[in-house]
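The listed protein sequences correspond, in order, to chains A and B.
Quick note: the first sequence uses full-length UniProt numbering, first residue 1, plus one each step.
Quick note: the second sequence uses full-length UniProt numbering, first residue 1, plus one each step.
Protein chains: 2
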Amino acid sequence: MNPNTNRQWLLRRRPQGQVGRDDLELATSAVPAPANGEVLVRVKLLCMDPTIRNFMDPDPGYGAPVAVGGVIRGVVIGEIVESRDDTRAIGELVWGFGAWSDYVAGPAAQFIPLPTRFGHPLPAYTHVLGTIGLTAHYGLHDVARLRPGETVLVSGAAGAVGSLVGQMARIAGASRIVGIAGGSDKCRRATERYGYDLCIDYKGDTKLDAALAEALPDGIDVVFENVGGATLEASLNHLRKNARVALCGMIARYGATETVPGPRNLWNLVVNTARIEGFLVTDILGDPLRSDKALREIDSWIRDGRLHYDVDVRTGFENIPDIFNCLFTGAHTGRLVVQID
Amino acid sequence: MNPNTNRQWLLRRRPQGQVGRDDLELATSAVPAPANGEVLVRVKLLCMDPTIRNFMDPDPGYGAPVAVGGVIRGVVIGEIVESRDDTRAIGELVWGFGAWSDYVAGPAAQFIPLPTRFGHPLPAYTHVLGTIGLTAHYGLHDVARLRPGETVLVSGAAGAVGSLVGQMARIAGASRIVGIAGGSDKCRRATERYGYDLCIDYKGDTKLDAALAEALPDGIDVVFENVGGATLEASLNHLRKNARVALCGMIARYGATETVPGPRNLWNLVVNTARIEGFLVTDILGDPLRSDKALREIDSWIRDGRLHYDVDVRTGFENIPDIFNCLFTGAHTGRLVVQID
Numbered sequence: 001m002n003p004n005t006n007r008q009w010l011l012r013r014r015p016q017g018q019v020g021r022d023d024l025e026l027a028t029s030a031v032p033a034p035a036n037g038e039v040l041v042r043v044k045l046l047c048m049d050p051t052i053r054n055f056m057d058p059d060p061g062y063g064a065p066v067a068v069g070g071v072i073r074g075v076v077i078g079e080i081v082e083s084r085d086d087t088r089a090i091g092e093l094v095w096g097f098g099a100w101s102d103y104v105a106g107p108a109a110q111f112i113p114l115p116t117r118f119g120h121p122l123p124a125y126t127h128v129l130g131t132i133g134l135t136a137h138y139g140l141h142d143v144a145r146l147r148p149g150e151t152v153l154v155s156g157a158a159g160a161v162g163s164l165v166g167q168m169a170r171i172a173g174a175s176r177i178v179g180i181a182g183g184s185d186k187c188r189r190a191t192e193r194y195g196y197d198l199c200i201d202y203k204g205d206t207k208l209d210a211a212l213a214e215a216l217p218d219g220i221d222v223v224f225e226n227v228g229g230a231t232l233e234a235s236l237n238h239l240r241k242n243a244r245v246a247l248c249g250m251i252a253r254y255g256a257t258e259t260v261p262g263p264r265n266l267w268n269l270v271v272n273t274a275r276i277e278g279f280l281v282t283d284i285l286g287d288p289l290r291s292d293k294a295l296r297e298i299d300s301w302i303r304d305g306r307l308h309y310d311v312d313v314r315t316g317f318e319n320i321p322d323i324f325n326c327l328f329t330g331a332h333t334g335r336l337v338v339q340i341d
Numbered sequence: 001m002n003p004n005t006n007r008q009w010l011l012r013r014r015p016q017g018q019v020g021r022d023d024l025e026l027a028t029s030a031v032p033a034p035a036n037g038e039v040l041v042r043v044k045l046l047c048m049d050p051t052i053r054n055f056m057d058p059d060p061g062y063g064a065p066v067a068v069g070g071v072i073r074g075v076v077i078g079e080i081v082e083s084r085d086d087t088r089a090i091g092e093l094v095w096g097f098g099a100w101s102d103y104v105a106g107p108a109a110q111f112i113p114l115p116t117r118f119g120h121p122l123p124a125y126t127h128v129l130g131t132i133g134l135t136a137h138y139g140l141h142d143v144a145r146l147r148p149g150e151t152v153l154v155s156g157a158a159g160a161v162g163s164l165v166g167q168m169a170r171i172a173g174a175s176r177i178v179g180i181a182g183g184s185d186k187c188r189r190a191t192e193r194y195g196y197d198l199c200i201d202y203k204g205d206t207k208l209d210a211a212l213a214e215a216l217p218d219g220i221d222v223v224f225e226n227v228g229g230a231t232l233e234a235s236l237n238h239l240r241k242n243a244r245v246a247l248c249g250m251i252a253r254y255g256a257t258e259t260v261p262g263p264r265n266l267w268n269l270v271v272n273t274a275r276i277e278g279f280l281v282t283d284i285l286g287d288p289l290r291s292d293k294a295l296r297e298i299d300s301w302i303r304d305g306r307l308h309y310d311v312d313v314r315t316g317f318e319n320i321p322d323i324f325n326c327l328f329t330g331a332h333t334g335r336l337v338v339q340i341d
């Protein structure tokens, strides 16, 4: 790589369904110059988050869409290589909203120092000690308010968030933890590594509703929902009294070309005096005390050997679109990131 | 009426859609004899609740279905005319789960003394000082947690519950209270009598989504949902950050012969970190301190002239099925009850 050029992936046109190579364009520009109060960050790791697909649509639902011709946005980890802000030093490792590019310049406040005091390898901060770990912790404890002895169902159980939720539910004393994942490999990882008592393979010829009845015969206290669609509908048929559904993601709808039907059984919320509650990790990021408490707990669980995390580190700037699509085809293990060389 | 006979409406067969005369059968039996620990109640008022329709289905979702050949169940107000329980006296006015019949016998605990100390006419206890008033109070305050200055949307705004929710929201200091109701008469009542700033007529050629955007341009903090279906879906498009949807009833699904589609836009719960929470009035009935607090507040609001309630008292035991169907055709004003002569 020439240190004087900045590779970027641009949105050439809005994708229909899965992102195709022709929807994006690899371009090269000059390295941006930080303005007063800004820093220049050299990107080291790019996080592949499903929600990036939303920002390619004209109306993402939250946040602004990526403009056609604009650079794809995403969470990055990087190093400050130039600073025009008195409070930030060259060499500092930071994370923040950046872009699919070698360099990102922006206001100093856009880039948050990594909690490197915990002394874990860099990929950990894209995952268990980053927004993924905070999402799992906040969703399970603050939103779903899991109590010891309760039963838990997690969709996307082998995904980045789901892999942590199973283990955190185990640590919190859940009585039974059931996952839903696509394919036997993922299901095996969920039970062998991620704390699940049992994992239902929705890609098998499983009837989800019957499988849930068998897996959780006394019903579900907490649903941690990453998928939405038919998975959510099935889970609502098995709620216990006062159940909580923490609605984290709805990956079934990202990039879908047809509207995913809604659950026809919300009546179960009334019958069971239950709730569905949506949340965003930005709520806990905005509360430093709360997020620091979560990070300290997560650090101690990693050191205890009670919390495993898997980061799938890929390389090749030119391969980013294909790597991104692995999120939707399931061809990855754990948190998917691209290392920028 | 012969005081020695007990008229009853029985379920002859399970209705498809709206209840037809042939689905029910008017029968006469002997007046039941209370067993030890039981009381005999002469029914004075029968409450027409939409949920009774659910109990005619094979799987009501909660509670047991009415057996084919069995008497239709419902909430009644009556007078104890025979007591085989030491703690209960003849002449006591009570309410409880009873049946569409002249007399009901059952365990003393099944019949709760009316809070007649408040000194209101008997129909008030079927409504504002009964389960309807408690449903509105509990749903708005405990479930939706309305705060002063917030905006409120209520579906079924001219119905028994909705008519109280609008006024209670006004008393609680809501900044804007919008109702949805069917027909111009109901909408006029909602704004003239029930505290609404504006009421959207869904029976007009209104596009609900556009009407909501106009009525609540800054979005909705609290939805009090009595209808479900398309009404719920439309409201989810206009939620504000941290909005709460109190899911009280889903009258759109009662007696529907086809499955009502679910809201396809639950993603809005994530984007707005909002929640949908189902509830049942039985939760507050089980908490005497909480329900007494609500009843005392309601009594004071009636005396202040700040809370109006309308009870539509019909007569004619033989007309009960037709009167019941008025709940679904909207041919009634306020709380619908049948006075048993």
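All C-beta atoms in this analysis are idealised placements derived from N, C-alpha and C, irrespective of residue type, glycine included.
With fewer than 16 neighbouring CB atoms inside 10 Å of its own CB, LYS207 (chain B) falls in the exposed class.
Identification of residues in the segment 255 to 285 of chain B having a C-beta nearer than 9 angstroms to some C-beta of chain A yields THR259, VAL260, PRO261, GLY262, PRO263, ARG264, ASN265, LEU266, TRP267, ASN268, LEU269, VAL270, VAL271, ASN272, THR273, ALA274, ARG275, ILE276, GLU277, GLY278, PHE279, LEU280, THR282, ASP283, given in sequence order.
Along the segment 34 to 62 of chain B, the positions whose C-beta sits under 8 angstroms from a C-beta of chain A are GLY61, TYR62, read in chain order. For ASN54 (chain B), the three-state secondary structure derived from DSSP is helix.
Proximity of chain B to MET250 (chain A) at the Cβ level (cut-off 9 angstroms) is accounted for by LEU266, TRP267, VAL270, in chain order. DSSP places ALA67 (chain A) in the coil class of the three-state scheme, outside both helix and strand. Excluding residues up to 5 positions away in sequence, nothing lies with its Cβ nearer than 6 angstroms to the Cβ of ASP49 (chain B) in the same chain.
Boundaries around LEU295 (chain B) are those of the alpha helix (DSSP H), 288 to 304, since no beta strand (DSSP E) includes it.
In this structure LEU11 (chain B) is in contact with VAL68 (chain B), their Cβ atoms being roughly 6 angstroms apart against a cut-off of 8 angstroms.
Contact of LEU247 (chain B) with chain A by beta-carbon distance below 9 angstroms involves LEU266, TRP267, LEU269, VAL270, ARG275. Only exposed fits THR329 (chain A), as fewer than 16 other CB atoms lie within 10 angstroms of its CB. At a C-beta separation below 8 angstroms, GLY228 (chain A) has these neighbours in chain B: LEU266, TRP267. For ASP185 (chain A), the enclosing alpha helix (DSSP H) starts and ends at 184 to 193.
DSSP places TRP100 (chain A) in the coil class of the three-state scheme, outside both helix and strand. PHE97 (chain A) and GLY182 (chain B) have their C-alpha atoms roughly 47 angstroms apart. Following the DSSP letters along the chain, one finds PHE224 (chain B) inside the beta strand (DSSP E) bounded by residues 220 to 225. With fewer than 16 other Cβ atoms from the protein chains shown falling within 10 Å of its own Cβ, ASN36 (chain A) counts as exposed. Using a Cβ-Cβ distance cut-off of 8 angstroms, the segment 303 to 322 of chain A and the segment 296 to 313 of chain B are not in contact, since fewer than three pairs of beta carbons, one from each stretch, lie closer than that value.
When the Cα atoms are used, PHE279 (chain B) and ARG193 (chain B) turn out to be separated by approximately 26 angstroms. Excluding sequence positions up to five before and after SER184 (chain B), its CB lies within less than 7 angstroms of the CB of ASP201, all in the same chain and listed in chain order.
Nearest to TRP95 (chain B) by alpha-carbon distance, out of B:ASP102, B:PRO113, B:ILE276, is B:PRO113. Rounded to whole angstroms, LEU285 (chain A) and GLU277 (chain A) show a C-alpha spacing of 18 angstroms. Relative to the Cα of ILE220 (chain B), the nearest Cα in the group B:VAL245, B:GLY78, B:GLY133, B:ALA105 belongs to B:VAL245. Non-local beta-carbon contacts of SER155 (chain B) in its own chain, meaning distances under 6 angstroms to residues more than five positions away in sequence, involve ILE180, GLU225, ASN226, VAL227, THR231 in chain order.
Within 10 angstroms of the beta-carbon of GLN167 (chain A) lie 16 or more other beta-carbons, which makes it buried. The three-state secondary structure of ARG13 (chain A), taken from DSSP, is coil.
Per DSSP, the unbroken alpha helix (DSSP H) holding GLU214 (chain B) starts and ends at 208 to 215.
Inter-residue distance for GLY159 (chain B) and ASN242 (chain B) is about 27 angstroms (C-alpha atoms, whole angstroms). Out of A:LYS203, A:LEU198, A:GLY63, the CA that lies nearest to the CA of GLU214 (chain A) is found in A:LEU198. PHE111 (chain A) sits in a strand when the DSSP states are folded into three classes.
Between PRO107 (chain B) and GLU25 (chain B), the C-beta spacing is not below 8 angstroms. The closest CA to that of THR51 (chain B), considering only A:THR333, A:TRP267, A:THR282, A:GLN339, is found on A:TRP267. Per DSSP, CYS326 (chain B) is not a residue of any beta strand (DSSP E); the alpha helix (DSSP H) it occupies stretches across 320 to 329.
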